[in-house]
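Visitor: One structure coming up, written as structure tokens, with questions to follow.
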Amino acid sequence: MSTANRTIRPFKGLTALDNVLDTALLQFGPDRCPATKRIHVDLLAHEYMVRPVKLEWAPDDRSFTQFKAHIESGLRMAGIGAEAVELIAIAKSSYLKLADIVFRHRVSDLGSLERLIDITKGREGNRARALSAPFTGFELELALILAFHLKPAALKPFRKGTWLTRVQFGVETTLSQIVFSPIPLTPEIRHSLQISAKATRYVDLDGHDITRPATEQDEPKFYVDADFLAQLNARRNSLLSHAFQIQLALDFVSAIVREASVNHDSDAFTYEDVRTSVLGSVVRMLANASADDKQHDHILGQILNRPEAAIANLEHVFNVNKVFSDALKAEDE
Amino acid sequence: MRYPILSRPHVEEIAAKRVSGIDVDIEAEVEWIGSGDLLQLTTIETLADEVRIGMEQWTDKDIDRYEGQMAQKLYDTLVHIPTEVLDDRGFWRYLSVKYFWNFIVWRQKSAFKPEGNYMSYVDGAKNTETVLVRMFIRTAALGGKSTERLAGGITEAADFWRSHVVRVQTGSAPNIARALAEKQYADRQTTDPIREVGKRLNRTWTNIIMHVYDESEARDIVDEVWNVD
Chain A
1 MSTANRTIRP
11 FKGLTALDNV
21 LDTALLQFGP
31 DRCPATKRIH
41 VDLLAHEYMV
51 RPVKLEWAPD
61 DRSFTQFKAH
71 IESGLRMAGI
81 GAEAVELIAI
91 AKSSYLKLAD
101 IVFRHRVSDL
111 GSLERLIDIT
121 KGREGNRARA
131 LSAPFTGFEL
141 ELALILAFHL
151 KPAALKPFRK
161 GTWLTRVQFG
171 VETTLSQIVF
181 SPIPLTPEIR
191 HSLQISAKAT
201 RYVDLDGHDI
211 TRPATEQDEP
221 KFYVDADFLA
231 QLNARRNSLL
241 SHAFQIQLAL
251 DFVSAIVREA
261 SVNHDSDAFT
271 YEDVRTSVLG
281 SVVRMLANAS
291 ADDKQHDHIL
301 GQILNRPEAA
311 IANLEHVFNV
321 NKVFSDALKA
331 EDE
Chain B
1 MRYPILSRPH
11 VEEIAAKRVS
21 GIDVDIEAEV
31 EWIGSGDLLQ
41 LTTIETLADE
51 VRIGMEQWTD
61 KDIDRYEGQM
71 AQKLYDTLVH
81 IPTEVLDDRG
91 FWRYLSVKYF
101 WNFIVWRQKS
111 AFKPEGNYMS
121 YVDGAKNTET
131 VLVRMFIRTA
141 ALGGKSTERL
151 AGGITEAADF
161 WRSHVVRVQT
171 GSAPNIARAL
181 AEKQYADRQT
191 TDPIREVGKR
201 LNRTWTNIIM
211 HVYDESEARD
221 IVDEVWNVD
């Protein structure tokens, strides 16, 4: 991962816990999702709704024993008592802002933890709401957290809920989609963004990490002058308006490409790392529909190393030359 | 459950005609999907009437407060509908066009003209924009019960709900959202100060999973991010 845009955590002594949850596997019916990954399922809504959701901590009994030992030794090295820590799983579905705690277990009682647990049901015994959104899919966050407040100490986590280590899993569906559309840029927003009165376009990432799952964060905001946007809408079927819309889309995607290249190391990620992020969407935009992960990795490398070449290739994808030519010819007629 | 939806292209066509002053019958475009019991729409129809009558009597220029006050009623009417139906954008498009069109036009008046950005308020795509979805989430974010005072009581609060509740993780954590709304209700901050509070709260989310906080713990953490000098 990149070192340039990573969340800064004000704690020391937690490194022994860093990869402790990496052996966990999310089971969504017959599909398997490893820790930190996302899977894509092509299901009808009623098929999605009957799929059991399970967490497997480790692939076999031996590695499960190692998993528990790893947690215990990591906590000892961190100087945190097992009684103060719990293992928690939260299922989230972004569209309806659903978040369900589907599993909690005290680390002081690791002996009673089973290697495979069913997390399909919520507190009322029905399927958890966050697992019942087939048009959006879900994220599962698995973490070791402080179960209660500790006595504050420098560079040590002490607040209840502070995660000591965590991993995320994602299940997305063909029914889900990420939508970006321009927001009218008004005088009030210009003032708030401290940009000049005649500014026409502005991409505001506002803390959005373009390498992390897009559905877990605020969307990047793309502002376009309100009057200009209204003019485009009014002529939405004209070739000229179409040309401007293509240019705006190109501006937005170009901003993402530049952000990626400026703030991330050239070998920071593989495509798999960023597949569900905004950056992953840009990679797919630049790829053929039949591209495999190796080709996706190659395109990602171009974005990070030669952003202007990637932007030039986006012009090909957006068919800019033809769209602009057609708009100019239409003006002559 | 069998329930009605409208596709986005159909709603685009219907909405374009309506904003141009052409009345259209939508029934031919409605599709019923799913299986099992038919979703009963009577209570929704009754609510739509109530919302319309209340809207016609509303005199306060702060119409976001009306949106907030109606949010609880909308939530109460819809919360028993299965989650998989509420997750379907097509269902929200149907509700918007079939029952709540006049209310949504009234609420977002400046967008409902031929060149306007009206689709974002009825197309179900974004939970921060589609009026009915954001209303539902506003109430859900506050815990779903007795939310009128906060949901409809904070003055000129459209940006507060959109930017600091519905759009961010806080919207999925009722104790945190309620604590934040209580502070804004009691000590209303203008755009820039509340934006700073929101940023501090979002930064707190990066280190702390606040879904586990009870009401008292939520108040404490919100007090903390609120009171930075």
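In order, the protein sequence lines correspond to chains A and B.
Residue 257 in this note's numbering is what sits at position 257 of the first sequence, and the numbering runs on without skipping anything.
Residue 63 in this note's numbering is what sits at position 63 of the second sequence, and the numbering runs on without skipping anything.
From the three backbone atoms N, C-alpha and C, an ideal C-beta is built for every residue, glycine too.
Would you say residue 213(B) faces chain A, with C-beta separation under 8 Å as the test?
Guide: Yes, residue 213(B) lies at the interface with chain A (some Cβ there is under 8 Å from its Cβ).
Visitor: So with CB distances below 8 Å, who are the chain A contacts of residue 172(B)?
Guide: Residues of chain A passing the Cβ test: 92, 97, 98, 99.
Visitor: Indicate whether the contact test is met: 3 or more Cβ pairs, each with one atom in the region 128 to 142 of chain B and one in the region 160 to 173 of chain B, closer than 8 Å.
Guide: A contact exists between the region 128 to 142 of chain B and the region 160 to 173 of chain B.
Visitor: Once you ignore the five residues that flank residue 107(B) on each side, which residues in its own chain have a CB closer than 7 Å to its CB?
Guide: If we look at residue 107(B) and ignore the five residues flanking it on each side, its Cβ neighbours are 63, 67, 131.
Visitor: With a threshold of 8 Å between beta-carbons, can residue 178(B) be considered close to chain A, or not?
Guide: No, no contact with chain A.
Visitor: Would you verify that the beta carbon of residue 145(A) is, or is not, closer than 8 Å to some beta carbon of chain B?
Guide: Yes - at least one Cβ of chain B is within 8 Å of the one on residue 145(A).
Visitor: Distance, Cα to Cα, residue 75(A) vs residue 142(A)?
Guide: Cα-Cα distance, rounded: 17 Å.
Visitor: Terminal residues of the continuous beta strand (DSSP E) containing residue 146(A)?
Guide: That run of the beta strand (DSSP E) goes 138 to 146.
Visitor: Rounded to the nearest angstrom, what separates residue 230(A) and residue 2(B) at their Cα positions?
Guide: In a straight line, the C-alpha of residue 230(A) is about 38 Å away from that of residue 2(B).
Visitor: Following the continuous beta strand (DSSP E) through residue 168(A), name the residue where it begins and the one where it ends.
Guide: Note, residue 168(A): beta strand (DSSP E), 163 to 173.
Visitor: On the DSSP bridge list, what partners appear for residue 91(A)?
Guide: 100(A), 140(A).
Visitor: Below 8 Å, how does it come out for the region 62 to 76 of chain A and the region 94 to 105 of chain A: are there three or more Cβ pairs, yes or no?
Guide: Taking 8 Å as the limit for Cβ pairs, the verdict is that the region 94 to 105 of chain A does not touch the region 62 to 76 of chain A.
Visitor: Residue 75(B) lies in the alpha helix (DSSP H); which residues open and close that run?
Guide: Element bounds for residue 75(B): 63 to 78.
Visitor: For residue 48(A), which beta-bridge partners are listed by DSSP?
Guide: DSSP output for residue 48(A) lists no bridge partner at all.
Visitor: Applying the 10 Å Cβ sphere with the 16-neighbour rule, what's the burial state of residue 10(B)?
Guide: By the 10 Å Cβ count, residue 10(B) comes out buried.
Visitor: Taking beta-carbon pairs under 9 Å, can you tell me which members of the region 21 to 49 of chain A lie near chain B?
Guide: Hits within the stretch, in order: 45, 46, 48, 49.
Visitor: With 8 Å set as the bound, which would you pick, yes or no: does the beta-carbon of residue 188(B) sit closer than that to a beta-carbon of chain A?
Guide: Output row for residue 188(B): interface = no.
Visitor: Give the C-beta separation of residue 256(A) and residue 279(A) to the nearest angstrom, bearing in mind that I take them to be a contact with Cβ-Cβ under 8 Å.
Guide: Rounded, the Cβ-Cβ distance is 7 Å, consistent with contact.
Visitor: Buried or exposed, going by whether 16 or more other CB atoms sit within 10 Å of the CB of residue 132(A)?
Guide: Buried is the call here.
Visitor: Taking one C-beta from the region 185 to 204 of chain B and one from the region 215 to 229 of chain B each time, how about it: are there three or more such pairs within less than 8 Å?
Guide: These segments touch.
Visitor: Mind checking whether residue 183(A) and residue 151(A) have CB atoms under 8 Å apart?
Guide: No, Cβ-Cβ distance for residue 183(A) and residue 151(A) is not below 8 Å.
Visitor: Please list, in chain order, all residues of the same chain as residue 47(B) whose beta carbon is under 7 Å from its beta carbon, the five residues on each side excluded.
Guide: Only 73, 74, 77 meet the Cβ criterion.
Visitor: Give the single residue among 192(A), 210(A), 187(A), 249(A) whose Cα lies nearest to the Cα of residue 226(A).
Guide: Taking only the C-alpha atoms, the option nearest residue 226(A) is 187(A).
Visitor: If you follow the beta strand (DSSP E) that residue 223(B) is in, where does it begin and where does it stop?
Guide: Counting along the chain, residue 223(B) falls outside any beta strand (DSSP E), though it belongs to the alpha helix (DSSP H) covering 215 to 226.
Visitor: Could you give the first and the last residue of the continuous beta strand (DSSP E) run that contains residue 40(A)?
Guide: Here the beta strand (DSSP E) through residue 40(A) covers 38 to 41.
Visitor: Along chain B, which residues have their Cβ under 9 Å away from the Cβ of residue 415(A)?
Guide: Residue 415(A) lies beyond the stretch modelled for chain A, which goes from 1 to 333, so this question has no answer here.
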